[in-house]
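In this text, residue positions in the sequence shown follow my numbering: the first is -16, and each later residue adds one. Think of the CB as a built atom: it goes at the ideal place given N, C-alpha and C, for glycine as much as any other residue. Given the structure is predicted, the values throughout are model-derived calculations rather than measurements. Report on the following structure.
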Amino acid sequence: MDTEQSKVFDIMAYDKYTLASIRDLEYENPGELISIKAKLTVKKTEDGGRQNGFVSGYRPNHVFEYNKDQLLQTYIGDIIFEGQSTIEPGETKDVTVRFLVNQPIEKYLDKGRTWWIHEGERIVGEAVII
């Protein structure tokens, strides 16, 4: 059913309904992003990473901390890069990561901070703020 209204629901990341429509989020924060530079390493396929690379604009889950190997929260952000069409498993590249401002993410954005790139529960990469 297309009502042009959708509620955000992510049981793995938040364990609750956010009770906000996509339009509400855009209205509260019209396109504001936090951009950081990072060194991204994509896990090799044989180490449990992706089977293939990804293009600029890729939007995985970003995890900054765990509690006993359990995700505490994931953050929304896309990975932007230039100079090649894809980043392949096993490669390391300097990238720009853009996070939505309406997330409580600022406390994690210190130079040298490491975080993990996820597809669902699977870790597919690691990044360090440069």
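Residue i - partner residues in DSSP beta bridges
| i | result |
| --- | --- |
| G108 | V25, I100 |
| K76 | L23 |
| L83 | L16 |
| Q53 | N50 |
| N44 | I59, H101 |
Residue i in three-state terms, based on DSSP
| i | result |
| --- | --- |
| D61 | strand |
| K90 | helix |
| I113 | coil |
Expected contact under 8 Å - CB spacing of residue i and residue j to nearest Å
| i | j | result |
| --- | --- | --- |
| F64 | I17 | Not really, about 17 Å apart at Cβ, beyond 8 Å. |
| E71 | V25 | 7 Å |
| Q86 | Y41 | Actually they do not touch by this definition, with Cβ atoms about 18 Å apart. |
| V84 | A21 | 17 Å between Cβ atoms; not a contact. |
Exposure of residue i, with buried meaning 16 or more beta-carbon neighbours within 10 Å
| i | result |
| --- | --- |
| I113 | exposed |
| L23 | buried |
| R105 | exposed |
| G60 | buried |
| G32 | buried |
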